[in-house]
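Right, one structure below, let's go through it.
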Amino acid sequence: MIKCVVVDDEPLAVSLLSRYIRQYDGIELMDGFSDGLESIEYINSNKVDLLFLDILMPDITGISLLQKLEHKPVVIFTSAHRDFAVDGYEIGIADYLLKPFDYNRFAVAVQRAIERIRLKEEGNPDLAPGVFVRSEYQTVKISFQDILYAESLDDYIRIHLTESRSVITLISLKSFLTKLPAEDFVRVHRRYIISINKIHSIGTKKIILKGNVEIPVGDTYLSKVQYLRSKL
């Protein structure tokens, strides 16, 4: 039985989703929350397979809530705003329910989530959260876990990946940073963003990444790097 939790600041939305979940065989409602912050401790303390999550809530956004979860369940975003759909798919959600939605659309989303849960249990690497970029006339998904660092090339950036691969895309370094999880990536120079998880060592004005890659630290980023050093 797939265990579900609903988080939405609108009590009527929680009630509707709860009713739909009870109608769908094979999934079980564990709890529903209209307070996003209150739900975090519960989700971290229980095994949750599937999370129905509103994006815009008064106390916390859905994306920020996800960043606070120790073990991330498969997610279906629910929102009255279609503008966040791309952001949702970039972080690996199963589906995006645009309010108002009926039971049939709900059932389609749940079926997609069930398939995602099955693949997740099989360890499918394609489900890892990542970012979509345009490169060589096609859209490419880059998993966050594969990014070593990103380098500015004026109007373009080169995204350096593990296994000595790289992707060039038309975007500014500043814009690219907004697409990355803040807890995993940091800008250390006007030309460089690095993966915190790939840091091997931190010097006074340079950072060594895994693979013995040396990245300079800009003067305006020294305090940020010093803080980072204290946390590693």
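Per this note's numbering, the sequence shown runs over residues 138 to 369.
Built from N, CA and C at the ideal position, the CB exists for glycine as well.
Counting along the chain, S176 sits inside the alpha helix (DSSP H) bounded by residues 173 to 182. Among the bridge pairs identified by DSSP, I305 is matched with R295. Cβ-Cβ distances below 7 Å link N334 to D321 in the same chain, with the five nearest sequence neighbours on each side left out; the list follows chain order. Within the model, the alpha-carbon separation for M167 versus L154 is close to 12 Å.
Taking 9 Å as the cut-off, the Cβ atoms of L203 and V247 do not count as close. For L346, the CB contacts under 8 Å within the same chain, skipping 5 residues up- and downstream, are L285, Y286, I331, S332, K335, I336, H337, I352 in chain order. D239 sits away from A250, with the two beta carbons spaced by 9 Å or more.
Taken in chain order, the complete beta strand (DSSP E) segments of 3 or more residues contained in the region 144 to 176 are 164 to 170. Annotation: G199 to E207 spans about 15 Å, alpha carbon to alpha carbon. Taking a contact as a CB-CB distance under 8 Å, the pair G169 and D196 does not count as one, their CB atoms being some 16 Å apart. When only Cα atoms are considered, Y293 and V304 end up about 10 Å apart. V354 and V143 have their alpha carbons spaced roughly 43 Å apart.
Assigned with DSSP and collapsed to three states, K335 falls in helix.
In chain order, L298, T299 place their CB closer than 7 Å to the CB of D283, counting only its own chain and leaving out the 5 sequence neighbours on each side. Here F214 carries a strand assignment [DSSP, helix/strand/coil].
Shown here, A287 sits in a strand according to DSSP, grouped into three states. Boundaries of the alpha helix (DSSP H) harbouring T315: 310 to 315, taken from the DSSP string. P210 sits buried, since 16 or more C-beta atoms from the chains shown fall within 10 Å of its C-beta. Beta bridge pairing from DSSP links I344 with I339, I352. Note on geometry: alpha-carbon atoms of I344 and Y358 lie some 12 Å from one another. I279: member of the beta strand (DSSP E) spanning 275 to 280, first to last residue. F243 sits in a helix when the DSSP states are folded into three classes. Spatial neighbours of R366 in its own chain (CB-CB distance under 6 Å, excluding positions within 5 residues in sequence) are listed in chain order as I339. Counting only residues of its own chain and dropping the five nearest sequence neighbours on each side, T276 has a CB closer than 7 Å to the CB of F269.
The continuous alpha helix (DSSP H) containing L203 extends over residues 199 to 204.
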